[in-house]
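Structure, as structure tokens:
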Amino acid sequence: MKTITVWMFAMACLWCAFDGCRGTLLTTACMKFEEDYNFKEDKYVGTWYEVRRLGESEASPHEDCVVMNYRLGDQGSFTILQSYQVGDDGTPIYRSGRAEPKVYQEARIPKFLERFNTTNPADPDISIDIVATDYISYAIVYSCTSINSTHYAELSWVLSRQPALAKNVVELVNLFLEARFTREDQKWRATQQTADFCKPSLVEVADKHSAGVRAFASVSFVLFGILLAQMFQ
1412 MKTITVWMFA
1422 MACLWCAFDG
1432 CRGTLLTTAC
1442 MKFEEDYNFK
1452 EDKYVGTWYE
1462 VRRLGESEAS
1472 PHEDCVVMNY
1482 RLGDQGSFTI
1492 LQSYQVGDDG
1502 TPIYRSGRAE
1512 PKVYQEARIP
1522 KFLERFNTTN
1532 PADPDISIDI
1542 VATDYISYAI
1552 VYSCTSINST
1562 HYAELSWVLS
1572 RQPALAKNVV
1582 ELVNLFLEAR
1592 FTREDQKWRA
1602 TQQTADFCKP
1612 SLVEVADKHS
1622 AGVRAFASVS
1632 FVLFGILLAQ
1642 MFQ
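Each residue of the sequence shown is one higher than the one before, counting from 1412 in our numbering.
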């Protein structure tokens, strides 16, 4: 048992090197969701705030103030701008990425392969399933990505169109999570989104001043400069 525990810890450390250890759990089997709905890509675009994250240790540095802006690309893909903040004295850290749809014959929910900017082409794509959403207030996203022949890296997030979910939406989300995320290790952490903690993010500008592609492109250009500066610090 001790050998297995040490081996699983080593695998978790290896995955952290790839994914930044953002709330990753190790599991031997991915969850299966029976939801069945027609995903509308055009309704999913815009700004989303992360309000909960699965499985993050209270002792680790946290990525808080996570905000993402999705823009619809070609063939059902998304271009993503994201920012997050580490600590109340931190400043927004930016990254960009892309989510490409993946099609499985038996898939009932929308599935994507998500990849953020990285200097290492060997870094893995992350499997993303949008297991529930009403487009206007909340979305629940699940990720389960193979890391070897027996284990998967499991992550999940609750997203909101506002920095906090409305009370009636919280109740709906809780019912969904409690019915499906039942393992003992599947604990949720609230992501900080309060105005006194989070610094203003340029990602929000992409939505609040979205006068079409031109506005999004101008913000993307600014963020590209910030990303370059962060890479060479």
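Note that the Cβ used here is the ideal one computed from N, Cα and C, for glycine as well.
A quick note: this is a predicted structure, and the numbers were derived from the prediction, not measured.
Next item on the list: List the DSSP bridge partners of T1544.
Entry: A1550
Check: So the beta strand (DSSP E) L1576 belongs to, where does it begin and stop?
Finding: L1576 -> no beta strand (DSSP E), and no H or E assigned at all.
Checklist line | Spatial distance of D1607 from V1580 (CA atoms) | finding: 24 Å
Next item on the list: Have a look at I1520 and F1587 and give me their C-alpha separation to the nearest angstrom.
Entry: 15 Å
Note to self: Along the chain, where does the beta strand (DSSP E) containing Y1448 start, and where does it finish?
What the structure shows: Unbroken run through Y1448: none, as it is neither H nor E.
Checklist line | Where A1601 falls: helix, strand or coil (DSSP) | finding: strand
Notebook entry, point to check: How many whole angstroms separate the CB atoms of Y1546 and K1451, which I take to be in contact at a CB cut-off of 8 Å?
Noted result: 7 Å
Note to self: On the criterion of 16 or more Cβ atoms from any shown chain inside 10 Å, does H1473 qualify as buried, or is it exposed?
What the structure shows: buried
Next item on the list: Taking Q1486 as part of the beta strand (DSSP E), name the residues at either end of that continuous run.
Entry: Counting along the chain, Q1486 falls outside any beta strand (DSSP E), and DSSP gives it neither H nor E.
Next item on the list: Classify V1514 as helix, strand or coil using the three-state DSSP reduction.
Entry: coil
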